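These notes concern the structure reproduced below.
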Amino acid sequence: MQPYKYQTKRVNTGELRTRVSFYEFGPNDGPEPGESEKQVLYETWAKVDEVWSKDIEIAKSNGTLSDLTITIRDPRGAFIPTNKHYIQVNAPEYEHLRYNVKQAQPDLQNRDFIKIISGVST
């Protein structure tokens, strides 16, 4: 029988070091096609992970090398991310990119955090 060892959480609040903003976009006013930023819905600190090296071949085959996994604290109903929202990562490396939420997954084992999978919006 193996001895019991305490397993720490995968993410803790000290790792949430990057500021992210969730936006909602709406159609442009006037006859021009496209959409523009409508309003900021939620801002928070997050942990931003890129595609892992072990998943790089799968990501290449799917064409999703620019996906991010963003971990945020669970806002407890104040905000629920959906695939209609966009994310701006407020870091110099990601300043020119906007990400579209693909999927939001609450961690059912640890209700403190939500994982959001996002891809670059075109």
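Quick note: the sequence shown, position 95, residue 82 per our numbering, numbers continuous. Even glycine gets a Cβ: it sits at the ideal position worked out from N, Cα and C. Source: prediction; values computed, not measured.
Residue state for T58 is assigned as strand, using DSSP reduced to three classes.
Straight through space, the alpha carbons of L28 and I67 are spaced by roughly 10 Å. Note on geometry: alpha-carbon atoms of G21 and G13 lie some 9 Å from one another. The criterion of a C-beta distance shorter than 8 Å is satisfied by V7 and I74. Put simply, the backbone Cα of Y81 is about 45 Å away from that of Q(-11). The continuous beta strand (DSSP E) containing F9 extends over residues T5 to P14. Selection D99, V76, Q96 and R98 evaluated against G106 yields V76 as nearest (Cα-Cα). Straight-line spacing of the CA atoms in L3 and Q26 works out to 24 Å. Ranked by Cα distance from T31, the first of Q90, R60 and Y(-9) is R60. Assigned with DSSP and collapsed to three states, E19 falls in coil, not helix or strand.
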